[in-house]
Every structure is written in C-alpha cells, then in structure tokens.
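**Q**
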Amino acid sequence: MNILLISIVIVCILLLMTFFGHHTLYRIKYTPFFGSYDEFDSNRTKYNGSSFAFVLLLNATVLISVVTIYSYLGRYNEIDLARADTNVDYLLAAEINRARKQADEHPNDKFVLMGLAKVSMDGGLYLEAIEALDELLNYMGDDAEVIGLKATALYYMNHRSMTSEVKLLTKSALALYQYDFNTRVLLANDAYIDQDYQIAIEHWQILLKNTKQSFNRNAIEFAIDNAKKKLIARK
Numbered sequence: 001m002n003i004l005l006i007s008i009v010i011v012c013i014l015l016l017m018t019f020f021g022h023h024t025l026y027r028i029k030y031t032p033f034f035g036s037y038d039e040f041d042s043n044r045t046k047y048n049g050s051s052f053a054f055v056l057l058l059n060a061t062v063l064i065s066v067v068t069i070y071s072y073l074g075r076y077n078e079i080d081l082a083r084a085d086t087n088v089d090y091l092l093a094a095e096i097n098r099a100r101k102q103a104d105e106h107p108n109d110k111f112v113l114m115g116l117a118k119v120s121m122d123g124g125l126y127l128e129a130i131e132a133l134d135e136l137l138n139y140m141g142d143d144a145e146v147i148g149l150k151a152t153a154l155y156y157m158n159h160r161s162m163t164s165e166v167k168l169l170t171k172s173a174l175a176l177y178q179y180d181f182n183t184r185v186l187l188a189n190d191a192y193i194d195q196d197y198q199i200a201i202e203h204w205q206i207l208l209k210n211t212k213q214s215f216n217r218n219a220i221e222f223a224i225d226n227a228k229k230k231l232i233a234r235k
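For reference, each letter of the sequence shown is one residue, going 1 to 235 in the UniProt record's numbering.
(1) CB N182 to CB T211, shorter than 9 Å?
(2) For D190 and V166, I'd like the C-alpha separation in whole angstroms.
(3) Spatial neighbours of V119 within its chain, please: CB distance less than 8 Å, with the 5 preceding and 5 following residues excluded, ordered by chain position.
(4) To the nearest angstrom, report how far apart F215 and D194 are at their CA atoms.
(5) Determine the contact status of A117 and A144, defining contact as a CB-CB distance below 9 Å.
(6) On the criterion of 16 or more Cβ atoms from any shown chain inside 10 Å, does H106 qualify as buried, or is it exposed?
(7) Is Y197 closer than 9 Å to L231 when the C-beta atoms are compared?
(8) My output table needs one value for I79: the three-state DSSP class, helix, strand or coil.
Here it is, written out as structure tokens:
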C-alpha cells in the first residue's frame, strides 16, 4: 500500500511538471520579454530543440513510471499464485528483533516473553508467538494470561477460527482465572464477528469484574454499548 501511494504521488508530480513545463515553454516561446523580436527569432530554433528534449524526457519518465507500477502491481495472471506478504513494517521488524534479543538475554522472564509474543502477533508471526508462550509455560507452569494469549495467537493463525484446540485453551485459562483479559476479549470478539452480540456483551461484562489485570475499561464499555445498539437495530 505504501509503494502504491508513493508511486501515485510521483506520477502525479511528474504529470504536473509536464503540464507546467509545457505552459512555461509556451509563454517563453511567444513572449519576447524585454528583448527584440529579432533576437528572439534568432534563438528560437536553438530553444525549440532544447524544449523538445525537455518535454520528451518528462513524458518518457512518466511512461516508464506507469509501466513500472503496472509491472509491480498489475500481474493479474499470477493472482492464483498470490501468497501473504510475510514482510512487516521496518519499525515493527526492529521492535521484534529487539524483543528477540531481550528474550535471549532473559529466557525465563514472563514480562519479556509475553512482550515477544505480543509484538510477534502484531507482525503476524503467530507461530513464533506460540513458541515463546510455550517456553514460558514450560518454565512457569499453567498461567491464565499466558494460555489466553496462546489461544488468541492460535485463533488468528487459523484465520479467526475457533478450533477445538483454541476452545480447549480458553477453557483452561478460564478455569485458572475466569476474568482473564486475553481469553474474554478473544471470546467476545469472536462472538461479535459471528453477530452473537448478546454473548459478546456477556463476555465483556464479565471482563469488567477483572481486578488483577490492567486494561482500558472505557474501551470495553464502549464495545458493550456498540453491541447493544446492534441488538436494538436487529429488533
């Protein structure tokens, strides 16, 4: 998307340059300014040659730019071979690398491994997130927050599918702490996507009873109000 936007901006700038170039050359061609028409006529042939080269260069540049954009974005014959782009934004990639380094330095630190898992999920690296969470579970044993986050990673890795493994993990997390943030948000979001607004509301309302974990309560209350509006609109 960034490449497309930048390419469009560049093409627009080049088109504007072409327009103003033509406009400027037109004014110069027909305006002798303070010189005589004789002097202007004597230089006209030379200038026409340079102006033609200038305009030709700009138009060639625009044409090449359009062809380049099409060659990069317009390969419709390869649409069946399309694959998800595994590259992430360079800032996020730097953050992931930093989290990996911290995890190597502090392999048994819950805060560090949870951070690695979350930033990996932000970058779509769900398998790496799951591996980090498994390491943490092997070290510290069952933990509702960790299990809930692992369930979330599995859910998104399977294209937002509530698989049997995800369901088992959510049950395990809630058995340890029924108000767990990661688990309740996962269940609420899945219900909301399926338009089961009442179930989503119930999960969010239970989450508001959570006194152990820090989260944005205003956002949860807003989500509840929005789901209630959906229910009213359905009636």
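C-beta: ideal position from N, C-alpha, C; glycine also.
**A** Reading from the atomic positions:
(1) no
(2) 12 Å
(3) L92, E95, I96 and A99
(4) 24 Å
(5) no
(6) exposed
(7) yes
(8) The pLDDT assigned to I79 is 36, lower than 50, so where the model puts this residue is not dependable; a value taken from the coordinates is nonetheless given after this. Helix, per DSSP.
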